[in-house]
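Peer 1: With the working numbering, you'll find the sequence shown wraps up at 151, consecutive numbering, no jumps. Using N, Cα and C, we set each Cβ at its ideal position, and we do this for glycine too. Keep in mind it's a predicted model, so treat the numbers as computed, not measured. Have a look at this one before I ask anything.
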Amino acid sequence: MAFLGLLIIAALAWAVWTKKLQSQQLPPILLGIGGAFLAARGSLLPGLGAIAIAAAWYRGMTWRRLGKGGKDNDAAALDAARVLLGVSRFDPAERIRERHRALIAQNHPDAGGSDAQAAALNKARDLLLDDLNKKRL
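Here it is, written out as structure tokens:
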């Protein structure tokens, strides 16, 4: 069991070091791993509770959002912009700009792309960068 624990710690350290995993993602992941350990050792109720909390935390849910019954329009627009640019919610502004540059080079009207696609990419970039700036303030 100790070997498995060391293997998990090494995998998480590697993921953070290679920037596959952001440091703010670690607490819910560790809570989920701890919950799985508790459930495997026979403490099902605390283990499954910890796993459920970790899953909700990792997905960014709050009890207030659950009370509303779903995402609001701003969150849906941000998700659509992230999908369009191919970035995650943990990516920094530099990554957003990098993906925008790469996609706009392929879809710019001068390169055979459409005006609508270029406008959608620009709008997605602006929306995500504005959201990042709001979070900093």
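(1) DSSP state of H122, grouped into three classes?
(2) So A69 and G46 are supposed to be a Cβ contact under 8 Å. How far apart are they, rounded?
(3) Going by the CB atoms, is the gap between L26 and A95 shorter than 8 Å?
(4) Buried or exposed: I23, going by 16 or more other Cβ atoms within 10 Å of its Cβ?
(5) Can you tell me where the alpha helix (DSSP H) holding L35 begins and where it ends?
(6) Which whole-angstrom value is the C-beta distance of N121 and L98, which I expect to be below 8 Å?
(7) So, H114 versus R150, is the Cβ gap smaller than 8 Å?
(8) Short of 6 Å in beta carbon distance, which residues of its chain neighbour G84, apart from the five on each side in sequence? Order them along the chain.
Peer 2: Judging by the given coordinates:
(1) Here residue 122 is taken as the residue at index 108 of the sequence shown, counted from 1. H122 falls in the coil class under three-state DSSP.
(2) As a working note, residue 69 is residue 55 in the sequence shown. As a working note, residue 46 is residue 32 in the sequence shown. A69 to G46, Cβ: 7 Å. Contact.
(3) On the sequence shown, residue 95 is found 81 positions in, with the first residue counted as 1. On the sequence shown, residue 26 is found 12 positions in, with the first residue counted as 1. In this structure, A95 lies away from L26, with their beta-carbon atoms at least 8 Å apart.
(4) Here residue 23 refers to the residue found at position 9 when the sequence shown is read from its first residue. I23 should be labelled exposed.
(5) Within the sequence shown, numbered from 1, the residue matching residue 35 stands at position 21. The continuous stretches of alpha helix (DSSP H) do not include L35, and DSSP gives it neither H nor E.
(6) To locate residue 121, count along the sequence shown from 1; it is residue 107. To locate residue 98, count along the sequence shown from 1; it is residue 84. A Cβ-Cβ distance of about 11 Å is found for the pair N121 and L98, leaving them out of contact under the 8 Å criterion.
(7) Within the sequence shown, numbered from 1, the residue matching residue 114 stands at position 100. Within the sequence shown, numbered from 1, the residue matching residue 150 stands at position 136. Not closer than 8 Å, so no.
(8) Position 70 of the sequence shown holds residue 84. Here the model assigns G84 a pLDDT of 47, short of 50, so the residue's position is not dependable, and the following value carries that caveat. Contacts found: none.
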